[in-house]
Amino acid sequence: MRTVRAPATSANLGSGYDSFGVALSRPADIVSVERADRTTIEVTGAGAQFIPEDPAKNTVGAVARALDAPAHIKIDKGVRPASGLGSSAASAAGAALALNDLYDRGLTREELVPIAAEGEAVVSGAAHADNVAPALLGGFTIATADGVRSIETNVPLVACLPEEPISTRDAREVVPTHVTIEELVATVGNAATLAVGMCRSDPALVGAGMADEVVTPHRAALITGYDDAADAAREAGAHGVTVSGSGPGVLAVCPPDRRRDVAAAMVEAFAENGERARAYRTWTGGGAEFV
Ligand code: HSE
Numbered sequence: 008m009r010t011v012r013a014p015a016t017s018a019n020l021g022s023g024y025d026s027f028g029v030a031l032s033r034p035a036d037i038v039s040v041e042r043a044d045r046t047t048i049e050v051t052g053a054g055a056q057f058i059p060e061d062p063a064k065n066t067v068g069a070v071a072r073a074l075d076a077p078a079h080i081k082i083d084k085g086v087r088p089a090s091g092l093g094s095s096a097a098s099a100a101g102a103a104l105a106l107n108d109l110y111d112r113g114l115t116r117e118e119l120v121p122i123a124a125e126g127e128a129v130v131s132g133a134a135h136a137d138n139v140a141p142a143l144l145g146g147f148t149i150a151t152a153d154g155v156r157s158i159e160t161n162v163p164l165v166a167c168l169p170e171e172p173i174s175t176r177d178a179r180e181v182v183p184t185h186v187t188i189e190e191l192v193a194t195v196g197n198a199a200t201l202a203v204g205m206c207r208s209d210p211a212l213v214g215a216g217m218a219d220e221v222v223t224p225h226r227a228a229l230i231t232g233y234d235d236a237a238d239a240a241r242e243a244g245a246h247g248v249t250v251s252g253s254g255p256g257v258l259a260v261c262p263p264d265r266r267r268d269v270a271a272a273m274v275e276a277f278a279e280n281g282e283r284a285r286a287y288r289t290w291t292g293g294g295a296e297f298v
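Sequential numbering from 8 applies to the sequence shown in my numbering.
Listed below in structure tokens is the structure:
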């Protein structure tokens, strides 16, 4: 038996659609695996009732198939599904690390990224790696067609999750398929700023680089109360605010001592829009680990 704690993650970070991701110090899934003749899945915890236990429909089933590693897989969800915090990716990354070790497959964490991303395709229709990469490697990650780069970083964050779920599959439908050269120039500048900010663990620079006019406004329009929550977070001291992954989670970066106020301001703004929300005061964190 192997047990892994796999962290929540936030993908895109505004300017880095399908490329940037960060691991969060909390919340996390706990994934346990035991050898078996065929794969079975048992899910408990946050939002477990919404997660299929059929291996053909669950993200970890795809991972077990890809590693040819049948197992009884128990997932205790700390990361709520359809919240924008990489819930399916946490389970997929945890299962990939645990099964790789259980069956002695000898793959590196970098080599496990595309395998865990197969699980994402089951859930969202696309094998995007921007959640599984930070869930496996930790820190700030950049997923590109020719691989993944990662750096350790230390940035204070608040992740606020309204209760109304949004499926990644649906949220991918609203993403524009073309950009203008002006939008490309602005995006490159913002993304580069964000990456430098992560390298320096500088929340102000990260916040400035989160700006995005290409994808984020379309995703934000799906989230009741997003504009008010983002304004409230900025008034409470956030350097930058964006949609976390495909939403409905909202991610704010702020000075460490402003996290409590930013979290409270976002929860209150959502409440004023009739949305119950929960906020996590968190930091960028490490990747999945054996427990
Ligand atoms: N990059 C993906 C998307 C992340 O935005 O659709 C989903 O969490």
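All C-beta atoms in this analysis are idealised placements derived from N, C-alpha and C, irrespective of residue type, glycine included.
Practice task
Indicate the three-state DSSP secondary structure (helix, strand or coil) for Arg179 in the structure shown.
Solution key: helix
Practice task
Answer yes if the stretch 130-144 comes into contact with the stretch 41-54, meaning at least three C-beta pairs across the two stretches below 8 angstroms, and no otherwise.
Solution key: no
Handout entry: Tyr233 - DSSP class collapsed to helix/strand/coil
Key = helix
Handout entry: Buried or exposed (CB count within 10 angstroms, at least 16 for buried), Asp61
Key = exposed
Handout entry: Boundaries (first-last residue) of the beta strand (DSSP E) holding Val311
Key = The displayed coordinates of the chain run from 8 to 298. Any statement about residue 311 would go beyond what the structure contains.
Handout entry: Beta-carbon separation (whole angstroms), Val130 vs Thr66, contact threshold 8 angstroms
Key = 5 angstroms
Handout entry: Buried versus exposed call for His185 [16 or more other C-beta atoms within 10 Å across all chains shown]
Key = exposed
Handout entry: 7 angstroms CB neighbourhood of Ala272 in its chain, flanking five on each side removed
Key = Ala239, Ala240, Glu242 and Ala243
Exercise for the section: Would you mind working out which of Glu41, Ala53, Ser17 and Gly91 sits nearest Gly256, comparing C-alpha positions? Expected result: Gly91
Problem - Reference Asp111, options Gly101, Leu74 and Val155, closest by Cα - result: Leu74
Handout entry: Sequence-distant residues of the same chain with beta carbon closer than 7 angstroms to Ala126, five excluded per side
Key = One point to set straight first is that residue 126 is Gly, not Ala, in the sequence displayed. Closer than 7 angstroms at the Cβ level, and outside the excluded window around Gly126, lie Thr66, Val67, Ala69, Val70, Ser95 and Ala99.
Handout entry: Run of the beta strand (DSSP E) containing Pro14, from where it starts to where it stops
Key = Arg9 to Ala18
Problem - beta-carbon Tyr233 near the ligand HSE non-hydrogen atom, thresh 7 angstroms - result: no
Practice task
Flag this pair as yes or no: are the beta carbons of Ala35 and Gly85 separated by less than 8 angstroms?
Solution key: yes
Problem - Any 3 or more C-beta pairs closer than 8 angstroms across the stretch 175-184 and the stretch 258-278 - result: no
Exercise for the section: Report whether the distance from the Cβ of Arg285 to the nearest heavy atom of the ligand HSE is below 7 angstroms. Expected result: no
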